[in-house]
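S.K.:
Below you can see the structure in the form of structure tokens.
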């Protein structure tokens, strides 16, 4: 499939090992990458640059991830590519001159019941014989039975839906008209959660060619809404004064926000219903980079404005009186938690075979539905294709794809759809206080200060078990991470193959994969006893959590695919790791080796409250500027959860 490429660089690099098969899905004529998928391809030499190429990212792991192996030179870094139903070609083709105009087809076809005219009854006569009367009544009865049968058949056809295709052309024709969503009739329960109220300034950076940054489709002050190198205030679409965002979540290639007036906004890629609304657009698309080499003065980037502009999810899908307290996002789905502890969701989960399903009965859910079986939930966290929920009794439930054991329970192949039903995780009952997700692994913090982990562990992203680095390096059920026992962990998060945490004393710790500086250490600074090397003596895995020295005290952390953030107690942000799409906010495509202060005019004098990391893009939020009403102090926190989607 054609793909965009960054200019080749002069520096030879070393390739990363692909740990598993890439889960992909077709979207127009350019391809994209989620946080769970491979991130890098080549880019045509339209404008060669003298920067060294960044490293390629690990592909999404299959059920049995590949162990670390010695590898050759790594490819030139490039922009993310979209999911594809078929596996990508070994050598991506050059970027197409333009993107074809297409639109997504409605995956669920509807057959309306046929309208039938009521047959006129033959007039009865007082003089008709008994036999004639009997014959007439018999014919009338049979006619009514046939009509009833046809009506029932048509009713069934109108309610049944076909599975949505994993490879659907988009923008090809006008959408079929659908009925307005019915009002949800669910009684509102007692309040057990409180919504965040601190109004936030929203700063975005990184890849934006699919609308992930929420900057819309047109230039603003001459700046395109893509490839933002450093934090940029999204004043146009997420203004603190007019919109009032109070919480953010970042998925693989989409994002969601909760506002002070109880509205959920979504933007980014909507291939599998992740935005929860119709984004069909007949305006056509063109390559987002075409303007760089053309004489066109157009301010339009060619991005679908209905995806790239933050837009409200219709309240018709929610029960009247519903109030939200948190949103989280996975690669292709979004979830919202209510004040009374219920959960709404939309989109789908994916596996290494493509679309896996949203529930055990629904493959793709394009608009919000209330999820049954989830009550009294206090917090949510989302990985690439799984979700954790923490209830009011400290019980953790998990659902989604369980191919890497990230659900904390064994999934039998013939009964794999059961993984889409929320079920309990085997943790000490009533003790869990916080949950977090990496792409394919999960964490829980308990009230005794212990950290529990389960799921994929082939790069030691959970802890140093004996088979780390091997194909079968997964942890089926929660284990206590004893290597963190010396610290009381306050916040924790996971990327694809690395993890990051901070203690209540503000100490920063990292562990896991090292070949993209995911852990933020120069290898020479590490004890070789803590590092796993491959057959060529190349460092691959930091198996034990290691503390970073000479840094300020940190209050929170966030992990993207192969990059990370730490927010200090005084509101400053440090970043490190893979930066091929500017997702570190440091203004460079080169890897950031160690935690480095993000310092630009947009945030220099601001107090940043939290960082959120998507697949190839990132978001920082700070206390709103002076003059914007506040109803809560700057130290106020959103619900206690975080994950690859953000806090």
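In the working numbering, the protein residues as written are -6 to 640.
Don't be surprised by glycine CBs; every beta carbon is placed ideally from N, CA and C.
None of these values were measured; they are calculated from a predicted model.
According to DSSP, what are the bridge partners of residue 532?
M.R.: 526
S.K.: Would you call the stretch 458 to 476 in contact with the stretch 391 to 406, where contact means no fewer than 3 C-beta pairs closer than 8 Å?
M.R.: The stretch 458 to 476 makes contact with the stretch 391 to 406: 3 or more CB pairs, one atom from each, lie closer than 8 Å.
S.K.: Since residue 434 sits in a beta bridge, which residues does DSSP pair it with?
M.R.: 448
S.K.: Go ahead and pull the three-state DSSP assignment for residue 231.
M.R.: The three-state secondary structure of residue 231, taken from DSSP, is coil.
S.K.: Can you grab the Cα-Cα spacing for the pair residue 350 / residue 594, in whole Å?
M.R.: Between residue 350 and residue 594, the C-alpha separation is close to 44 Å.
S.K.: Given this structure, state the Cα-to-Cα distance separating residue 164 from residue 275, to the nearest angstrom.
M.R.: Model confidence at residue 164 stands at a pLDDT of 34, short of 50, so the residue's coordinates are unreliable; what they give is reported in the following sentence. Taking the straight line joining both Cα atoms gives about 6 Å.
S.K.: Is the number of C-beta pairs between the stretch 226 to 239 and the stretch 311 to 331 that are closer than 8 Å three or more?
M.R.: Inter-segment contact for the stretch 226 to 239 and the stretch 311 to 331 is absent: fewer than three beta-carbon pairs are separated by less than 8 Å.
S.K.: Is it right to say residue 582 is buried, meaning 16 or more other beta carbons lie within 10 angstroms of its own, or is it exposed?
M.R.: buried
S.K.: Taking C-alpha atoms, which residue in 183, 507, 268, 496 lies nearest to residue 362?
M.R.: 268
S.K.: Consult DSSP for residue 473 and reduce its assignment to one of helix, strand or coil.
M.R.: In the structure shown, residue 473 sits in a strand (DSSP, three-state: E or B).
S.K.: Would the stretch 431 to 442 and the stretch 364 to 383 be scored as touching if the rule is three or more Cβ pairs under 8 Å?
M.R.: yes
S.K.: I'd like the list of long-range same chain contacts for residue 369, defined as Cβ closer than 7 Å, with 5 residues on each side in sequence excluded.
M.R.: 185, 334, 384, 385
S.K.: Do residue 476 and residue 538 have their C-beta atoms closer together than 8 Å?
M.R.: yes
S.K.: Taking contact to mean at least 3 C-beta pairs separated by less than 8 Å, is the stretch 517 to 524 in contact with the stretch 494 to 503?
M.R.: In short, these stretches do not touch, since the Cβ pair count stays below three.
S.K.: DSSP state of residue 642, grouped into three classes?
M.R.: Beyond the ends of the chain as shown, which are -6 and 640, falls residue 642; an answer cannot be given.
S.K.: Tell me, please, which residues DSSP counts as bridged to residue 196.
M.R.: Under DSSP, residue 196 forms a beta bridge with 226, 613.
S.K.: Can you list, in chain order, the residues of its chain with a C-beta nearer than 8 Å to that of residue 523? Leave out the 5 residues immediately preceding and following it.
M.R.: 535, 536, 537, 539
S.K.: Can you list, in chain order, the stretches of the beta strand (DSSP E) that have 3 or more residues and sit fully within the stretch 326 to 390?
M.R.: Counting only runs of 3 or more, we get 326 to 331, 336 to 340, 342 to 344, 347 to 350, 358 to 363, 370 to 375, 379 to 384.
S.K.: Just to confirm my understanding: we take residue 590, look at its own chain, exclude 5 residues before and 5 after, and list those with CB closer than 7 Å. What are they?
M.R.: 565, 567
S.K.: Looking at the secondary structure, which residues open and close the alpha helix (DSSP H) in which residue 301 lies?
M.R.: 298 to 301
S.K.: Compute the distance between the beta-carbons of residue 600 and residue 616, then report whether it is under 8 Å.
M.R.: Using a Cβ distance threshold of 8 Å, residue 600 and residue 616 count as a contacting pair.
S.K.: For residue 474, which residues from the same chain have a beta carbon less than 6 Å from its beta carbon, with the 5 sequence-adjacent residues on both sides left out?
M.R.: 444, 446, 456
S.K.: Would residue 405 be called buried (16 or more neighbouring beta carbons within 10 Å of its own) or exposed?
M.R.: exposed
S.K.: Do residue 458 and residue 451 have their C-beta atoms closer together than 8 Å?
M.R.: Between residue 458 and residue 451, the gap from beta carbon to beta carbon reaches 8 Å or more.
S.K.: Count the other C-beta atoms from every protein chain shown that fall within 10 angstroms of the C-beta of residue 554, then say buried if there are 16 or more, exposed otherwise.
M.R.: Buried.
S.K.: Taking only the alpha-carbon atoms, compute the straight-line gap between residue 482 and residue 494 and give it to the nearest angstrom.
M.R.: 7 Å
S.K.: Does the distance from the CB of residue 598 to the CB of residue 550 come in under 8 Å?
M.R.: no
S.K.: What whole-angstrom Cβ distance do residue 323 and residue 204 have, given they're in contact under 8 Å?
M.R.: Not confirmed; about 18 Å, so no contact.
S.K.: Rounded C-beta distance between residue 359 and residue 207? I'm assuming under 8 Å.
M.R.: Rounded, the Cβ-Cβ distance is 20 Å, inconsistent with contact.
S.K.: Near residue 626, what residues of its chain come up, given a Cβ to Cβ distance below 8 Å and the 5 sequence neighbours on each side ignored?
M.R.: Reliability of the predicted coordinates at residue 626 is poor, the pLDDT of 40 falling under 50, and the value obtained from them is presented with this limitation in mind. Here the set comprises 191.
S.K.: Would residue 332 be called buried (16 or more neighbouring beta carbons within 10 Å of its own) or exposed?
M.R.: buried
S.K.: Leaving out five residues on either side along the sequence, give the residues of the same chain with a beta carbon under 6 Å from the beta carbon of residue 546.
M.R.: 499, 562
S.K.: Assuming the contact rule is C-beta atoms closer than 8 Å, residue 490 and residue 505 should be a hit. Round their C-beta distance to whole Å, please.
M.R.: 5 Å
S.K.: Look at the Cβ atom of residue 250, then the Cβ atom of residue 231, and state whether they are nearer than 8 Å.
M.R.: Less than 8 Å separates the beta-carbon of residue 250 from that of residue 231.
S.K.: Tell me which residues share the same chain as residue 366 and place their Cβ nearer than 6 Å to its Cβ, disregarding the 5 neighbours each side in the sequence.
M.R.: 415
S.K.: Can you list, in chain order, the residues of its chain with a C-beta nearer than 8 Å to that of residue 60? Leave out the 5 residues immediately preceding and following it.
M.R.: Because residue 60 sits at a pLDDT of 42, beneath the cut-off of 50, its placement in the model cannot be relied upon, and the point is left open.
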